[in-house]
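In what follows, a structure is listed as structure tokens, so that the remarks can point back to it.
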């Protein structure tokens, strides 16, 4: 929290922890080219031959490393989700135990990743092509991110900092709005990733019923006794 009593995301006073850094993804050439093709043509519109040709390897080489095209998609989804989960945990830990700052950090981390690594984020729409077994494996990782946010919302509610009647649904609502970012965000647009992150932090805090103590006008009014 800043000296004003507002989370750093509201005041613009932030540090530079590792979870804010967005270096290029550490992917093999095969996965890098597959990611580009899935983004350009979709999973269904990309063939194994397309991927092998773009990489410059024989088709059996792809089968050797990933089994099939679905295996390539799963590898990308696992990398993407594991990276997001690691960032969420780091951002949470950087919140110093304060639910408001913790939630601000985690939402900022998610949005920065959604805007800066849009091609990886867009793979969410291709999950429907996974087999039931692989889809379950992916969802276990994704559930980890949801659990981080939900734990923060529950903590904030318990301390009286957040005011939401349903912590689970509020968590899903916050994450759903973040996951929709790749559908509209463009790097060449008027809003930078940092600006989008700041806006979404504010929306997330409003969604969970946080009222800044720095603004008495927004404090909940006490109920009158009848």
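Residue numbers (the numbering used here): 91 to 316.
Yeah, the Cβ is synthetic: ideal placement off N, Cα and C, and Gly gets one too.
None of these values were measured; they are calculated from a predicted model.
message = Just to confirm the assignment, what range does the alpha helix (DSSP H) spanning residue 278 have?
response = In the chain shown, residue 278 corresponds to position 188, counting from 1. Run containing residue 278: none; DSSP gives neither H nor E here.
Taking all protein chains shown into account, do 16 or more other C-beta atoms lie within 10 angstroms of the C-beta of residue 185, making it buried, or fewer, making it exposed?
-> Within the chain shown, numbered from 1, the residue matching residue 185 stands at position 95. The residue is buried, with at least 16 neighbouring Cβ atoms inside 10 Å.
Determine the DSSP secondary structure at residue 116, reduced to helix, strand or coil. Start at 1 with the first residue of the chain shown, and residue 116 comes out as number 26. DSSP places residue 116 outside both helix and strand once states are collapsed to three, so it counts as coil.
Practice prompt. Round the Cβ separation of residue 297 and residue 263 to the nearest angstrom and send it over; I've been treating them as touching at under 8 Å.
Written response: The residue you call residue 297 lines up with position 207 of the chain shown. The residue you call residue 263 lines up with position 173 of the chain shown. 6 Å between Cβ atoms; contact.
Taking the straight line between their C-alpha atoms, what separation do you get for residue 172 and residue 301? Looking up residue 172 in the chain shown gives position 82. Looking up residue 301 in the chain shown gives position 211. When rounded, the distance between both Cα atoms is 32 Å.
Open item on the list: Given this structure, state the Cα-to-Cα distance separating residue 205 from residue 168, to the nearest angstrom.
Closed with: By one-based count along the chain shown, residue 205 stands at place 115. By one-based count along the chain shown, residue 168 stands at place 78. Looking at the two C-alpha atoms, the distance is approximately 18 Å.
Compare the Cα-Cα distances from residue 161 to each of 281, 225 and 211 and report the closest residue.
As a first step, residue 161 must be located in the chain shown, where it is residue number 71. Relative to the Cα of residue 161, the nearest Cα in the group 281, 225 and 211 belongs to 225.
For residue 285 and residue 148, I'd like the C-alpha separation in whole angstroms. As a position in the chain shown, residue 285 is number 195, starting the count at 1. As a position in the chain shown, residue 148 is number 58, starting the count at 1. Rounded to the nearest angstrom, the two C-alpha atoms are 44 Å apart.
What do you reckon, are the CB atoms on residue 198 and residue 291 nearer than 7 Å? As a first step, residue 198 must be located in the chain shown, where it is residue number 108. As a first step, residue 291 must be located in the chain shown, where it is residue number 201. In contact: residue 198 and residue 291 (Cβ atoms closer than 7 Å).
In chain order, what residues of the same chain have a beta carbon less than 8 Å from the beta carbon of residue 134, not counting five sequence neighbours either side? Mapped onto the chain shown, residue 134 falls at position 44. Taken in chain order, the residues that qualify are 219.
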